[in-house]
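Student: Below you'll find the structure I mean.
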Amino acid sequence: MAAIDEIYRYLNEIAPFSTAMDFDNAGFLVGDGKTEVTKALVTLDITAQSVRQAREKGAQLIVSHHPVIFHPLKRLLSNSVPYLLAKEGIGAICAHTNLDMAPGGVNDCLAAALELSGRMEVAFYGELPCCVMGTLAQPMEPKSFAAFVKERLSCEGIRYVAGNRPVRKVALCSGAGGEFLFDAMEKGADAFVTGEVKHHEILAAKEAGLTLVDGGHFKTEDIAMEPLRERLSRAFPGIEFFLEENAGDGIRYL
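Per my numbering: the sequence shown = residues 9 to 262.
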């Protein structure tokens, strides 16, 4: 066993919460730091389903990527997730943008899933890379690369723009990273992979002949939850860390 505070300190070592972006609310958000933990659920988002699974499996803690409290609360009703956590006595630690940018964090897990080598930094937040780039072992045609991303991330569907050249150098930013498309262009990327893009970014990729793959916010980040679970399990062998079952964002494709 270990107390929630000890798990928080470990996460703060591998992905310092002080490095989170200004808009973020990463950290220990719900609970009592002295609570002893025997089981903990790991998930991208804390929902009512997450709390229910944690309760049913006897977990005292949920470790998530997205903050369960993001904006200031103006009310706390019985159907709200923070209320449910407090009611069940389940703590919540949320490692968000600090984990995105940390070594071995979300962006690095996405790069590993896409089998990229030769990691280099593309754009920074302070001193930390928020967009990275790597190289495929063999060039792929744009459509084949988009299909490769879909398969590697287990996406039900993706959106993509087919560039005008084979894909070898791939830049990426997990989650909502469309703004870094232009940094990827400047660094000579053949393709850019992210989880959310805006209309003008799609048009910019088309005009530049750059392959753009939108794998969805959930899929480009959920890829990091199992590696995070494994790291926590190694650090705290006396605690059972388990992934949420049937986690998802609810998006369906026709």
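Every residue gets a Cβ at the ideal spot worked out from N, C-alpha and C, and that includes glycine.
On a predicted model such as this, the values are computed, not experimentally measured, just so you know.
Do L92 and V59 have their beta-carbon atoms positioned less than 8 Å apart in this structure?
Tutor: Cβ distance < 8 Å, so V59 and L92 count as in contact.
Student: Please look up how many angstroms separate the CB atoms of Q68 and V45, rounded, as I've assumed it's under 8 Å.
Tutor: Indeed, because the Cβ distance is near 5 Å, the residues count as touching under 8 Å.
Student: Entirely within the stretch 140 to 184 and at least 3 residues each: give me those beta strand (DSSP E) ranges in chain order.
Tutor: Those beta strand (DSSP E) runs which fall completely within the stretch 140 to 184 and span 3+ residues are 167 to 169, 175 to 181.
Student: I believe E194 touches D222 by the beta-carbon criterion, under 8 Å. Please report the beta-carbon distance rounded to the nearest angstrom.
Tutor: About 20 Å; that fails the 8 Å criterion.
Student: By how many angstroms is the C-alpha of V175 removed from the C-alpha of A100?
Tutor: Near 40 Å, if we compare the C-alpha coordinates of V175 and A100.
Student: Would you call the stretch 245 to 258 in contact with the stretch 176 to 196, where contact means no fewer than 3 C-beta pairs closer than 8 Å?
Tutor: As far as the Cβ criterion goes, the stretch 245 to 258 does not touch the stretch 176 to 196, which means the pair count is below three.
Student: Using DSSP's beta-bridge definition, name the partner residues of M193.
Tutor: Paired residues: none, contrary to the question.
Student: May I ask you to check if the CB of K65 is nearer than 7 Å to at least one heavy atom of the ligand GDP?
Tutor: Absence of the ligand GDP from the depicted structure is noted, as is the absence of any ligand whatsoever, leaving it without description.
Student: Count the other C-beta atoms from every protein chain shown that fall within 10 angstroms of the C-beta of E209, then say buried if there are 16 or more, exposed otherwise.
Tutor: When all chains shown are included, E209 counts as buried.
Student: By Cβ distance, which residues of its chain are closer than 8 Å to A179, with the 5 residues on each side in sequence left out?
Tutor: So the qualifying residues of the chain are V130, C139, V140, M141, F188, D191, A192, K195, A197, A199, F200, V201.
Student: Using a Cβ-Cβ distance cut-off of 8 Å, determine whether A192 contacts chain E.
Tutor: Absent from the structure is chain E; it holds one protein chain and no more.
Student: If you run the structure through DSSP and keep just helix, strand and coil, what is G99?
Tutor: If DSSP states are grouped into helix, strand and coil, G99 belongs with the strands.
Student: Out of curiosity, what's the CA-to-CA distance linking H73 and H104?
Tutor: Cα-Cα distance, rounded: 5 Å.
Student: Bridge partners for D108 per DSSP, in chain order?
Tutor: None, per the DSSP bridge assignment.
Student: Mark S182 as exposed unless 16 or more other C-beta atoms lie within 10 angstroms of its C-beta, in which case mark it buried.
Tutor: Buried: at least 16 other Cβ atoms inside 10 Å.
Student: When the Cα atoms are used, what is the spatial distance from E215 to P150?
Tutor: When rounded, the distance between both Cα atoms is 15 Å.
Student: Considering only residues of the same chain and omitting the five flanking positions on each side of C117, which have a CB-CB separation below 7 Å?
Tutor: For C117, where only same-chain residues beyond five positions count, the Cβ hits under 7 Å are I231, A232, P235.
Student: Which of the three DSSP states, helix, strand or coil, is assigned to M233?
Tutor: Here M233 sits in helix by DSSP.
Student: Quick check on this structure: which residue in V157, G171, L240, H207 has the alpha carbon closest to the alpha carbon of G217?
Tutor: The shortest C-alpha separation from G217 is found at G171.
Student: Whose C-alpha, out of L220, G112, L211, is nearest the C-alpha of V157?
Tutor: Selected option, being the one with the closest Cα: L220.
Student: Considering only the beta carbon of each residue, do N106 and A184 sit closer than 8 Å?
Tutor: Contact: no.
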